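Numbering (this note's numbering), first residue to last: 149 to 240. Single-structure report; data block below.
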Amino acid sequence: MTIPEYIKRIDQRYKTGISREHSYRGDLQTLLESMLQNVLVTNEPARIDCGAPDFILTKKDIPVGYIEAKDIGEPLSGTRHKEQFTRYRESL
């Protein structure tokens, strides 16, 4: 999948008015897997000590990245997600 294809799919889902954060995750997983050779992208992996990131990226069973997804329009700054982001940043 290309980035323009990804944006088109997200836009289509968004315009329905019924999509939420989880609705977009399959497209993000497809985009990442097409861009990251030899990296396994797992959506909703098992909980770990610091919480439950939405995605874990692994290469040869070694975690190489974590992704926390939020819904479109969800502000990432401010205090709403601060505790969660701080916990992940300090633990991962």
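All C-beta atoms in this analysis are idealised placements derived from N, C-alpha and C, irrespective of residue type, glycine included. Nothing here was measured: the structure is a model prediction, and the numbers come from that model.
- Remark: C-beta atoms of D175 and R195 do not approach each other more closely than 8 Å.
- Taking the Cα of A217 as reference, the smallest distance to any Cα among Y236, K208, I210 is reached at Y236.
- Going by beta carbons, I215 and P201 fall inside the 8 Å limit.
- Residue environment: L224 is assigned as exposed (fewer than 16 neighbouring CB atoms within 10 Å of its CB, all protein chains considered).
- For T206, there is no enclosing alpha helix (DSSP H); the residue is part of the beta strand (DSSP E) that begins and ends at 203-207.
- Judged by DSSP secondary structure, I151 falls within the alpha helix (DSSP H) whose first and last residues are 151-164.
- Rounded to whole angstroms, the gap between the alpha carbons of N186 and K207 is 6 Å.
- Shown here for S239: same chain residues with a beta carbon closer than 7 Å to its own, the five before and five after excluded, namely D197, C198 in chain order.
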